[in-house]
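Some notes on the structure that comes next.
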Amino acid sequence: MHDLELERLLTRENQHYLDSIDLIAASNAPIAAVRDNHAWGVAQFRSAEGHLGNKPYAGTSIFDEVERLAVERARAVFGAEHANVQPVSGSLANLAAYRALMKPGDTMMAMATTSGGHLSHGHPKHIVSELYRVVTYTVAPETGLLPYDDIRRIAERERPRVIVAGYSAYPRAVDFARFSGIAQEVGATLIADISHIAGLVAAGLHDNPSAYPDTVVTTSVEKTLRGTRGGILLCPASLRARIDSAVFPGLQSSVGMAGLVSLAATLKDAASPVFRAYQRRVVSNARRMAGILLDGGLDLLTGGTDTHLLVVDLTRTALTGRDAEGRLQDLGILSNRNMLPGDPRPPFVASGLRLGTPTITSRGYDDEDVAELADIVLAALRADDWDATKVTLLRKRADVLRARARPDDALSDLMASAARDER
Ligand SMILES: *Cc1c(COP(=O)(O)O)cnc(C)c1O
1 MHDLELERLL TRENQHYLDS IDLIAASNAP IAAVRDNHAW GVAQFRSAEG
51 HLGNKPYAGT SIFDEVERLA VERARAVFGA EHANVQPVSG SLANLAAYRA
101 LMKPGDTMMA MATTSGGHLS HGHPKHIVSE LYRVVTYTVA PETGLLPYDD
151 IRRIAERERP RVIVAGYSAY PRAVDFARFS GIAQEVGATL IADISHIAGL
201 VAAGLHDNPS AYPDTVVTTS VEKTLRGTRG GILLCPASLR ARIDSAVFPG
251 LQSSVGMAGL VSLAATLKDA ASPVFRAYQR RVVSNARRMA GILLDGGLDL
301 LTGGTDTHLL VVDLTRTALT GRDAEGRLQD LGILSNRNML PGDPRPPFVA
351 SGLRLGTPTI TSRGYDDEDV AELADIVLAA LRADDWDATK VTLLRKRADV
401 LRARARPDDA LSDLMASAAR DER
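The sequence shown begins at 1 in the UniProt record's numbering and counts up by one.
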């Protein structure tokens, strides 16, 4: 590379990434086949607009074949009648789903962002809240769990056109059957946003919302599904035309071929036994971490996890979410502050800390590594004071752990042996 400015930045970012232990629940590290764009040739810069098999550009038949491969794989992995793989992100997949199902001014119902909902579910500053009338529900303040009876009552009262289920910081399984029942009762369409749990759903470790009638499923690709940035829409055949035209020409124009190549590779991986073994380990690593933090005296939202993420409730400690995030960063451990339901602190400070296991599991951390990591996190969050001696001591332990991260190629061997053990 002859661009020194850029080269320096990339060298620093690579070093930073390798020096970090990434516990951000929305991150992951894709396998080589998904991110290896050296092999992609012209696909790296090709783009075209229009529906699959119907693009108003000459010379797009191979482009369409790549898109068709991604679509067929998405349908197979998630058991859906139709897939649209063009959304450039999970947020835009949501916007397209809303556009397909509502007119401006219609009512939609979604979880408040302060309870773990996503910006694109109608945050007051997001365009969605300008386009639609957004009615929110929250988790139950005492338990942190979804209060399905209250949700039904709100839906009966408000009669929304759309109900959104699926969150950014909810550590428990979502009862999509229950949501589907509520939606049918009030004549709404359910949008299941599985951005965070797509990998778990693909591996059969979480209920699959595509199994319920008339449900639209949206997801981002770069989280547990372990791809690079992108979005997918899944729906019944009856909604195909509306969904496709909401994406194009309704919201986006051209699609980059590189994203489609990466997505097709992601979905091939997602259909493999190795991927299922990986997801099982993501979940068992999260459970293990939750158990150690609880035993050590920390509070977790909902008292634990069914998924890849946990939220530490710092209310009974002297730390804010921002403090806790800062302490872990001093040790080279990345996490993010997170609002708790009814949090009195502003979002930039917050009283919770969100942790997730997708990336450390992709980098090969096993049960023993996770136990040591959880122990370091516990010591950092429970320390009364945060002086240089303590930081140095814990940083040393984190450094040993960092050195144990296995390179990605070794990772696939490791996971293959885990898959053999399962059989
Ligand atoms: C991350 C996320 C999204 C958005 O995905 P992007 O690809 O970042 O746009 C949508 N919904 C939920 C629940 C998410 O967690």
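Virtual Cβ for every residue (Gly too), placed ideally from N, Cα, C.
query, result
"Under the three-state reduction of DSSP, which class applies to M111: helix, strand or coil?", "strand"
"Cβ-heavy atom distance between D193 and ligand 1 below 6 Å?", "yes"
"Could you compute how far the alpha carbon of R152 sits from the alpha carbon of I191?", "15 Å"
"What is the DSSP secondary structure of L119, counted as helix, strand or coil?", "helix"
"Do you know how far the Cα of R157 is from the Cα of R133?", "14 Å"
"Less than 8 Å between the CB atoms is what I'm expecting for T305 and P171, so what's the real figure, rounded?", "4 Å"
"Would you say G122 touches ligand 1, meaning its beta carbon is less than 6 Å from a heavy atom?", "no"
"Under a three-way DSSP split, which group does E185 fall into?", "helix"
"Tell me which residues share the same chain as N28 and place their Cβ nearer than 7 Å to its Cβ, disregarding the 5 neighbours each side in the sequence.", "E222, K223, T224, R226, P358, T359, S362"
"Say yes only if the C-beta of H118 is nearer than 6 Å to one or more non-hydrogen atoms of ligand 1, and no if none qualify.", "yes"
"What does a CB cutoff of less than 7 Å around R354 pick up in its chain, not counting 5 residues either side in sequence?", "A25, A169, L309, V311, S335, N336, N338"
"What span of residues does the beta strand (DSSP E) with E130 cover, start to end?", "Element bounds for E130: not the beta strand (DSSP E) but the alpha helix (DSSP H), 127-131."
"Under the three-state reduction of DSSP, which class applies to Y57: helix, strand or coil?", "coil"
"Which whole runs of the alpha helix (DSSP H) in the region 38-90 are 4 residues long or more, in chain order?", "61-78"
"For a quick check, are the C-beta atoms of D330 and V391 less than 7 Å apart?", "yes"
"Could you spell out where the beta strand (DSSP E) holding I197 opens and where it closes?", "Per DSSP, I197 belongs to no beta strand (DSSP E) and is neither H nor E."
"List the residues that DSSP assigns as beta-bridge partners of N336.", "R354"
"Apart from the five residues just before and just after T215, which ones in its own chain have a Cβ nearer than 7 Å to its Cβ?", "S180, L190, A192, P209"
"Taking S254 as part of the beta strand (DSSP E), name the residues at either end of that continuous run.", "254-256"
"Would you report the Cα separation of M102 and A96, rounded to the nearest angstrom?", "10 Å"
"Going by C-alpha to C-alpha distance, which of A80, S195, A374 sits closest to S238?", "A80"
"Note down, in chain order, each residue of its chain lying with its Cβ closer than 7 Å to the Cβ of R287, except the 5 sequence neighbours on either side.", "T305"
"What whole-angstrom Cβ distance do S254 and E49 have, given they're in contact under 8 Å?", "4 Å"
"If we count Cβ pairs, one from each stretch, closer than 8 Å, do we get three or more for the region 70-87 versus the region 227-235?", "yes"
"Report whether the distance from the Cβ of G90 to the nearest heavy atom of ligand 1 is below 6 Å.", "yes"
"Have a look at the DSSP bridge pairing and note the partners of I191.", "V164, V216"
"Go through its chain and collect everything with a Cβ distance to H2's Cβ below 6 Å, but skip five positions before and after it.", "none"
"By the three-class DSSP mapping on this structure, what secondary structure does Y98 have?", "helix"
"So, does the region 319-333 touch the region 274-284, judging by three or more C-beta pairs under 8 Å?", "no"
"Please confirm whether L52 and D64 have their CB atoms less than 7 Å apart.", "yes"
"Hey, could you find the ends of the alpha helix (DSSP H) V274 is sitting in?", "273-295"
"Beta strand (DSSP E) containing G321: first to last residue?", "Looking at the DSSP string, G321 is not in any beta strand (DSSP E); the run it does join, the alpha helix (DSSP H), is 321-330."
"Between the region 126-144 and the region 102-115, can you find at least three pairs of beta-carbon atoms closer than 8 Å?", "yes"
"Is the beta carbon of A74 closer than 7 Å to that of A83?", "yes"
"Leaving out the 5 sequence neighbours to the left and right, which residues in its chain are closer than 8 Å to N14 when beta-carbon positions are compared?", "none"
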